[in-house]
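What follows is a single structure, written as structure tokens, with notes after it.
Protein chains: 2
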Amino acid sequence: MNPDITRERENATFNVEKLTHILDGGIEKTKRRREIESLVISDPDFQSEDLNFLSRSERYDAAVKKSAQMILKLREYGISDPEEIYCYKSVFRGNHQEALGLHFSMFLPTLYTQCNKEQFKKWVPLAESFKAKGTYAQTELGHGTHLRGLETTATYDPATQEFVLNSPTITSIKWWPGGLGKTSNHAIVLAQLHTQGKCHGLHAFIVPLRSMNTHIPLPGVVVGDIGPKFGFDEVDNGYLKLENVRIPREHMLMKYAKVEADGTYVKPPSAKLTYGTMVFIRSMIVGEAGSALAKSCTIAIRYSSVRHQSEIRSGEPEPQIMDYQTQQYKLFPLLATAYAYKFVGQYMNQVYHRITGDISQGDFSELPELHALSAGLKAFTTWTASEGIEVCRMACGGHGYSRCSALPDIYVNFVATCTYEGENTVMMLQTARFLIKSYQQASAGHQLSGIVSYLNESERRLQPQSVSSRPTVVNVNDLASLVEAYKLRAAKLVEVAAKSIQQELQKRVSQEDAWNNSAIDLVRASNAHCHYVVVKLFAAKLGEIGDMGVHSVLNTLALLYALQGIQQHSGDFLQPGLLSVPQLSQVSQRLKELLAQLRPNAVALVDAFDYCDEMLNSVLGRYDGNVYEHMFEWARRSPLNKTEVHESYHKYLKPLQAKL
Amino acid sequence: MNPDITRERENATFNVEKLTHILDGGIEKTKRRREIESLVISDPDFQSEDLNFLSRSERYDAAVKKSAQMILKLREYGISDPEEIYCYKSVFRGNHQEALGLHFSMFLPTLYTQCNKEQFKKWVPLAESFKAKGTYAQTELGHGTHLRGLETTATYDPATQEFVLNSPTITSIKWWPGGLGKTSNHAIVLAQLHTQGKCHGLHAFIVPLRSMNTHIPLPGVVVGDIGPKFGFDEVDNGYLKLENVRIPREHMLMKYAKVEADGTYVKPPSAKLTYGTMVFIRSMIVGEAGSALAKSCTIAIRYSSVRHQSEIRSGEPEPQIMDYQTQQYKLFPLLATAYAYKFVGQYMNQVYHRITGDISQGDFSELPELHALSAGLKAFTTWTASEGIEVCRMACGGHGYSRCSALPDIYVNFVATCTYEGENTVMMLQTARFLIKSYQQASAGHQLSGIVSYLNESERRLQPQSVSSRPTVVNVNDLASLVEAYKLRAAKLVEVAAKSIQQELQKRVSQEDAWNNSAIDLVRASNAHCHYVVVKLFAAKLGEIGDMGVHSVLNTLALLYALQGIQQHSGDFLQPGLLSVPQLSQVSQRLKELLAQLRPNAVALVDAFDYCDEMLNSVLGRYDGNVYEHMFEWARRSPLNKTEVHESYHKYLKPLQAKL
């Protein structure tokens, strides 16, 4: 054990294990998580070469192997609870992706929820036995978030009782679905349904892609890998071009909408039913933002405690780089953010399960709010977490740039969340739509409830004159007071956006153009709303924590999180007079004090995330802090070191000398 | 040609070619650049497979091949002017790196400047004929920017008149030098010189690493590749462990310092002589920041003009995504930034050449200012450009994540500049040291000249009381007035940092601790200083431009750049009363107008950067806008598509079915 890191752990002022239980949701959950993790870690089948040393084809191969093994192991161990499967996967995936990911996350769930009885009986056993390996093919080369724009057609032919599927244009080629390129032999294809000469919009069809015997693509199916990406090297994101592919009528998923044998179309009862999955996936992503940032902080903070560099006082030994105020200012607010997002993830998960219960009772009342919240928080957390991962990486200096730090892998795989499951700016504008609607309702005298209830007060309290004359009441040492400041900031920015729309309308532009011409303000408003929610939930979490030591350190983190946000967006707080100029100087001063206060607990705070070395897969983030010898060992395994002299010497360099 | 992009070009209000000449520095330079570019583009030897389809070893192989070819071609074409070589390399490298990069950028220049006459006669011909292929080995596994911390030793043995080189610890292993792993047979090694029982600090030694005949490592030399990184896949960044490696006394570079035969050490005359190279490389990086961002904007803006998505007005066709205000707000300020950095790069280059003249005359007076400026601007521009590249990538939605967009390559290769040639935070603190020193001189009554002369006024003008009572004079439509606002903001933040140090000193902490405890403020001050310099230089550039159409569009860009910076850092401007609250709303409104104003010129503005398709190597950034058909074509070449059925199916998936 590196003595520097040992000393850090000795200096912690709180019980790390207790904090881990809080993060897991209880001592029992910590225990079970560790049991599952040790199943993977101790399993010789999962020991493999670092994927960074392999070619893309080898990486895909290794991922398919792992996924196949995992399926057998999960059965062997009898793990079937979704949360436990998720936990198992988190360990065995490490910082990479799973080859059969979409079979589990989209193909199976869609079959479970959208098959009618006969379809369920046929397809679920095929999918559960992996005879049918599937994916979910929605986005097209020319079309993303805007579903109405999708071009793939499924035209019903009553003569043969079949649907004929086509990709009529180059832009209609399905593009991006994970596992589509090489792995899947089936896909749920989203296509515009045409029957009896009319288009009935997007519906889902089960399309066989490859022979279940030979895996060779079926006639009319042009399918393949879309090529290398920023990350996701293990995944065969694919393309799919359909050329008059015929499937039986029964391959349309018919739990809700139907096409009868003669081609008669039967409408689905409600469109809201599909909201649930989106909300669920987005709220999972919020938790993932917390995890990705927590892993990155673990790596950067442990490394900062063993890395010595330069000098603060001349003549003294090189200090740990964590002693530099600039290093603390980079990392500790991110550490606070990781905790914040973990708690927000917990909250979203709880709300989702509660509301799901309501929905199954036919009560959709809370869904719009949750939908809006999950969209905005997905965008808010993934943007900041992505930036934060890169800050962590660069805080490790040159070595952060090596793949052995794991930070490049974490970044390229996580940053995709800013784009998938709803592009972030589009998400922010969805949240804004809910905020503006709520604001208008409040302006019209309706009393709002839930998280937007603060907009009720806005009309009364936020008149410019009243704000500037109102004595500033924010106490920068009091979390409740800071939550209030964030709330007022959000209220103000929602108002600014709403007024921008009004002003545009006064110029006689259309409603839609007024919206687009205010989009910058709308995104700002959503950001401020989400920021408020995060600060509020962090503060609320503190109320649940009994242990004094843990409470104290989390309180410091929460203050740091809130104050740093104020410093970064100081204009938003100064502009409406929520904070005075002298208070802003106070915020800067207080931030420095909080950094110094957190310094002795930094390593313990990342230890509490409890990521084992196997999950981090980072030489810089090792628990024992012995980074340099392991970097050297890792480097020696680099593929370029397989031979002393690389063949390119004989091919190009030696001949070059002769020519000069 | 895609009709959307044709229409964009028709709508431009200025002459693109004239702007290209301004960027190149004159019509003749544009002409010569295009000549050189066409040499590479038309050369069948440089046609190669997309590197993204290759394994790391294949990529290295391809890069060595290209470098070897380049050397022969440059001779063949008689290109020897450094600027022209740089231009040639820019095309043939594309978004990747050169295998022999450090031979040209560090090994040869060090030999040119630090060899004495005899050494020059021996080593320069060897290096110029590539018999000696070299690199520059400075950083060690445990040591980066802090040169005094380096541990490698060179101990003089007068008995044999040799130096004995050693890596005494694991942390002393040389780590990171480009080309060290497999390519080089020599390195200039920086080591602590010991002679006659005394250590004389860091000196440079020519160390043979591999046999010049067989390329096999020499005895005592443990050398290899450090493994895969975030980017730079083509480069064999290496490690080097020296175990009692003996080299003749004459292998120490002795133009300045010397060790005589008996071991007597002779000191060098001045330490400042090595400043020049650092300043030069850093000012080059500023230009590279402009180029990397310009390339990224070219890709994202062209793609935004041909990509249609969602709807603004319901029922109408999907609009070009560039019509969304949020998309404009992401991309146009970055476009303005790219122009700003290109102009700053030009300026730095001019200043460098002017000052180099002075230095050769023995006049070092301007060096400290240039050194400070190049450090800060290197950090300032690389941070913002790196973030900007990712914004461009994400603005392309899902397709930005594909390697075919080229944006992942541009990012991973460029972002390394934040860390190498002086880690950015360290750079910012170096600039801060100069600013604080200047501030203190001004406070002591000295009259400052040059770029920091604004600190002269600070004592008089920036007393808090005088600022708040002073009527706000900023005119948000007048660039000169905005430059003034940036200047006052910088002056204010330098003052805040200086006062923080004073306050710390009053707490009786040491000078060094006071510095460290004010580091956040110091970095902020440097940032504000650099921001001021960039705005000022952009405004100054406008004065040189005669063409009305070009002047007008650049003026819009400069205003956008300045106003967006104010919006992003509005607290800095509100806090000292440089801007009033109503003015800030005016800034927001004006920004939206500028975006709309730039919209018709966006494609023309990226066309003016004049990156040919071969240099961009981006399917999304194609000049003709025909992205989708070429994405499909590119994808089909993906290595995973070499076979219809990937071998992993037979190895794992087929057997899995049997087991379930």
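These protein sequence lines map, in sequence, to chains A and B.
For what it's worth, the numbering used here labels the leading residue of the first sequence as 1, then goes sequentially.
For what it's worth, the numbering used here labels the leading residue of the second sequence as 1001, then goes sequentially.
Cβ coordinates follow ideal geometry from the N, Cα and C atoms, glycine included.
Query raised in the report: Can you give the Cα-Cα distance for GLN1327/B and VAL1245/B, rounded to whole angstroms?
Result: The residue labelled residue 1327/B in the question sits at position 327 within the second sequence. The residue labelled residue 1245/B in the question sits at position 245 within the second sequence. When rounded, the distance between both Cα atoms is 58 Å.
Requested in this report: Let me know the secondary structure DSSP gives GLU98/A once reduced to three states.
Outcome: To locate residue 98/A, count along the first sequence from 1; it is residue 98. Note: GLU98/A maps to coil in three-state DSSP.
Requested in this report: For my contact list, ALA514/A and ALA432/A are in at a C-beta cut-off of 8 Å; report their separation, rounded to the angstrom.
Outcome: Numbered from 1 along the first sequence, position 514 holds the residue referred to as residue 514/A. Numbered from 1 along the first sequence, position 432 holds the residue referred to as residue 432/A. At roughly 13 Å, the Cβ-Cβ gap does not stay under 8 Å, so ALA514/A and ALA432/A are not in contact.
Query raised in the report: Leaving out five residues before and five after GLU1629/B in sequence, what residues of the same chain have Cβ atoms less than 8 Å from its Cβ?
Result: Numbered from 1 along the second sequence, position 629 holds the residue referred to as residue 1629/B. The answer is none, since no qualifying residue turns up.
Query raised in the report: Which class does TRP176/A belong to by DSSP, given the choice of helix, strand or coil?
Result: Along the first sequence, read from residue 1 onward, the residue named residue 176/A stands at position 176. Correct three-state label for TRP176/A: coil.
**Report entry** Per-residue burial, TYR1077/B [other beta carbons within 10 Å of its own, 16 or more giving buried]
**Finding:** Reading the second sequence from its first residue, position 77 is the one you call residue 1077/B. By the neighbour-count rule (16 or more Cβ atoms within 10 Å), TYR1077/B is not buried but exposed.
**Report entry** Rounded C-alpha distance that separates SER1468/B from LEU1488/B
**Finding:** To locate residue 1468/B, count along the second sequence from 1; it is residue 468. To locate residue 1488/B, count along the second sequence from 1; it is residue 488. For SER1468/B, the predicted structure reports a pLDDT of 45, less than 50, and the residue's modelled location is therefore unreliable. A value from the coordinates is still provided. So the two alpha carbons sit approximately 13 Å from each other.
Requested in this report: Report the residue from GLU28/A, GLY134/A, CYS115/A whose alpha carbon sits nearest the alpha carbon of MET106/A.
Outcome: Residue 106/A sits at position 106 when you count from the first residue of the first sequence. Per the Cα distances, GLY134/A.
Query raised in the report: TYR1086/B to ILE1036/B, Cα distance in whole Å?
Result: Taking the first residue of the second sequence as position 1, residue 1086/B is located at position 86. Taking the first residue of the second sequence as position 1, residue 1036/B is located at position 36. Cα-Cα distance, rounded: 10 Å.
Requested in this report: Jot down the residue ranges of each uninterrupted beta strand (DSSP E) in the segment 1187-1243 of chain B, minimum 3 residues, whole runs only, in chain order.
Outcome: 1198-1208, 1221-1225, 1238-1242
Report task. Compute the distance between the beta-carbons of LEU1370/B and VAL1279/B, then report whether it is under 7 Å. Result -> Within the second sequence, residue 1370/B is the residue found at index 370, counting from 1. Within the second sequence, residue 1279/B is the residue found at index 279, counting from 1. Yes, Cβ-Cβ distance for LEU1370/B and VAL1279/B is below 7 Å.
Requested in this report: Compare the C-alpha of ALA658/A against each of ILE1071/B, SER1048/B, ARG1354/B and name the closest.
Outcome: As a first step, residue 658/A is located in the first sequence; it is residue number 658 there, counting from the start. Considering only alpha carbons, the answer is ILE1071/B.
Query raised in the report: Can you name the residues of chain A whose CB is closer than 7 Å to the CB of TRP1634/B?
Result: One-based indexing of the second sequence puts residue 1634/B at position 634. GLY227, listed in chain order.
Query - Environment of ASP1233/B [buried if 16+ CB atoms lie within 10 Å] - result: What you label residue 1233/B is simply residue 233 of the second sequence in a count that begins at 1. It counts as buried.
Query raised in the report: Using the beta-carbon of each residue, which ones in chain B are nearer than 8 Å to LYS647/A?
Result: As a first step, residue 647/A must be located in the first sequence, where it is residue number 647. As written in the sequence, residue 647/A is Glu, which differs from the Lys given in the question. ASP1061, listed in chain order.
Report task. Please list the residues of the segment 1043-1056 of chain B that have a C-beta atom closer than 8 Å to any C-beta atom in chain A, keeping them in chain order. Result -> ASN1052, PHE1053, SER1055, ARG1056
Query - Cβ of TRP123/A within 7 Å of any chain B Cβ - result: Counting from one through the first sequence, the residue named residue 123/A turns up at place 123. It does not: the Cβ of TRP123/A has no partner Cβ on chain B nearer than 7 Å.
Requested in this report: Since I believe LEU448/A is in contact with ALA442/A (beta carbons under 8 Å), could you give me their beta-carbon distance rounded to a whole number of angstroms?
Outcome: Locating residue 442/A in the first sequence gives position 442, where the first residue counts as 1. Locating residue 448/A in the first sequence gives position 448, where the first residue counts as 1. With a Cβ gap of about 5 Å, ALA442/A and LEU448/A count as contacting.
Report task. Have a look at HIS1353/B, GLN1097/B, LEU1334/B and flag the residue whose alpha-carbon is nearest the alpha-carbon of GLU1387/B. Result -> As a working note, residue 1387/B is residue 387 in the second sequence. Cα-wise, what sits closest to GLU1387/B is LEU1334/B.
Query raised in the report: For PHE380/A, which of GLY287/A, PRO319/A, CYS396/A has the nearest alpha-carbon?
Result: Reading the first sequence from its first residue, position 380 is the one you call residue 380/A. When each option's Cα is compared against that of PHE380/A, the closest is GLY287/A.
Query - ILE1188/B to TYR1136/B span [Cα, whole Å] - result: Your numbering for residue 1188/B matches position 188 in the second sequence. Your numbering for residue 1136/B matches position 136 in the second sequence. Computed Cα separation, rounded: 5 Å.
Report task. Quickly, what does DSSP pair SER402/A with across the bridge? List them, please. Result -> Translated into the one-based positions of the first sequence, residue 402/A becomes position 402. The partner list for SER402/A (beta bridge, DSSP) reads LYS1229/B.
Report task. May I ask you to list, following chain order, the residues of the segment 422-452 of chain A that have a beta carbon less than 9 Å from some beta carbon of chain B? Result -> GLU423, ASN424, THR425, VAL426, MET428, LEU429
Requested in this report: Answer yes or no: do ILE5/A and SER305/A have a C-beta to C-beta separation smaller than 7 Å?
Outcome: Reading the first sequence from its first residue, position 5 is the one you call residue 5/A. Reading the first sequence from its first residue, position 305 is the one you call residue 305/A. Against a cut-off of 7 Å, the Cβ pair of SER305/A and ILE5/A comes out as a contact.
Query raised in the report: So, MET1348/B versus SER1283/B, is the Cβ gap smaller than 7 Å?
Result: Translated into the one-based positions of the second sequence, residue 1348/B becomes position 348. Translated into the one-based positions of the second sequence, residue 1283/B becomes position 283. A contact, by the Cβ cut-off of 7 Å.
**Report entry** Contact list for VAL64/A against chain B, beta-carbon separation under 7 Å
**Finding:** Along the first sequence, one-based indexing puts residue 64/A at 64. The answer, in chain order, is SER1648, TYR1652, LEU1653.
Query raised in the report: Got a sec, what are the start and stop residues for the beta strand (DSSP E) GLY134/A sits in?
Result: The count along the first sequence starts at 1 and reaches residue 134/A at position 134. Run containing GLY134/A: 134-137, per the beta strand (DSSP E) assignment.
Report task. Identify whether GLN1320/B lies in helix, strand or coil by the three-state DSSP scheme. Result -> In the second sequence, counting from the first residue as 1, residue 1320/B sits at position 320. GLN1320/B falls in the strand class under three-state DSSP.
Query raised in the report: For THR1419/B, which option in ALA1444/B, VAL1452/B, MET1394/B, TRP1383/B has the closest C-alpha, if you only look at C-alpha atoms?
Result: Translated into the one-based positions of the second sequence, residue 1419/B becomes position 419. Among ALA1444/B, VAL1452/B, MET1394/B, TRP1383/B, the Cα nearest to that of THR1419/B is on TRP1383/B.
Query - Nearest neighbour of VAL550/A, chosen from ASN11/A, ASN2/A, ASN15/A [CA to CA] - result: One-based indexing of the first sequence puts residue 550/A at position 550. Here the closest residue by C-alpha is ASN15/A.
Query raised in the report: In terms of residues, what are the limits of the beta strand (DSSP E) holding ARG59/A?
Result: In the first sequence, residue 59/A corresponds to position 59, counting from 1. Segment 56-77 is the alpha helix (DSSP H) holding ARG59/A; no beta strand (DSSP E) there.
Query raised in the report: Under the three-state reduction of DSSP, which class applies to TYR341/A: helix, strand or coil?
Result: Here residue 341/A refers to the residue found at position 341 of the first sequence. TYR341/A: helix per DSSP, three-state reduction.
Report task. Could you check the C-alpha separation between GLY227/A and LEU1331/B for me, to the nearest Å? Result -> Working through the first sequence from its first residue, we reach residue 227/A at position 227. Working through the second sequence from its first residue, we reach residue 1331/B at position 331. Their backbone Cα atoms lie some 26 Å apart in a straight line.
Query - Which residues DSSP lists as bridging GLU1140/B, in chain order - result: As a position in the second sequence, residue 1140/B is number 140, starting the count at 1. Answer is HIS1143/B, LYS1174/B, bridged to GLU1140/B.
Query raised in the report: Which residue spans inside the segment 19-57 of chain A form an unbroken alpha helix (DSSP H) run of at least 4?
Result: 27-41
Query raised in the report: By DSSP, does TYR156/A sit in helix, in strand, or in coil?
Result: In the first sequence, residue 156/A corresponds to position 156, counting from 1. Note: TYR156/A maps to strand in three-state DSSP.
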